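Please read the structure below before turning to the comments.
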Amino acid sequence: FKRQFDDVKGPEQGMSNTIQVDPFSGLYRKLTFDQNMKLMGGLLVGNAEDYFSLLNLAKQDDLGKKTPGDLFLGGASGDGDAEDLSDDAVVCLCQKVTKGQIVDAIKN
Numbered sequence: 001f002k003r004q005f006d007d008v009k010g011p012e013q014g015m016s017n018t019i020q021v022d023p024f025s026g027l028y029r030k031l032t033f034d035q036n037m038k039l040m041g042g043l044l045v046g047n048a049e050d051y052f053s054l055l056n057l058a059k060q061d062d063l064g065k066k067t068p069g070d071l072f073l074g075g076a077s078g079d080g081d082a083e084d085l086s087d088d089a090v091v092c093l094c095q096k097v098t099k100g101q102i103v104d105a106i107k108n
């Protein structure tokens, strides 16, 4: 997943990467942040359970109460409720269904 940003990478553009590698479990994670700690994108190999949470964080302007370090080892999803999701948060990637669409369908 990624936000749209210039292909120019590196410190000169204020981009920083955090990388986690566990060869024993086949886990590799690379998350890219801008200089304001906004999640710009990532690569998940192995355990991708946090994909939707990370995708939704990448669509937001900030990480909320989280830090880049919190996003490793299942830290992206946290213990939040559905109420914490924004209405445009994608909850089903197959059909691109958002939380707001589900709430509207239930109300109607």
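Heads up: the sequence shown begins at 1 in the UniProt record's numbering, then just goes up one per residue. Positions of the beta carbon are idealized from the N, C-alpha and C atoms, including for glycine. Computed from a predicted structure; not experimentally measured.
Which residues DSSP lists as bridging residue i, in chain order
{"i": "leucine 44", "result": "Arg29"}
{"i": "lysine 2", "result": "Gly41"}
Residue i - containing beta strand (DSSP E), residue span
{"i": "aspartate 22", "result": "16-22"}
Residues of its chain near residue i, where Cβ-Cβ distance is below 6 Å and the 5 sequence neighbours each way are ignored
{"i": "valine 21", "result": "Tyr28"}
{"i": "serine 16", "result": "Phe33"}
Delimiting residues of the alpha helix (DSSP H) encompassing residue i
{"i": "serine 53", "result": "51-59"}
{"i": "glutamine 101", "result": "99-107"}
Contact belief for residue i with residue j at Cβ below 8 Å, rounded distance in angstroms
{"i": "methionine 40", "j": "lysine 2", "result": "6 Å"}
Proximal residues to residue i (C-beta, below 7 Å), its chain only, five neighbours per side dropped
{"i": "lysine 30", "result": "Asn17, Ile19, Gly42, Leu43"}
{"i": "glutamine 35", "result": "Gly14"}
{"i": "proline 68", "result": "Thr18, Leu31, Phe33, Met37"}
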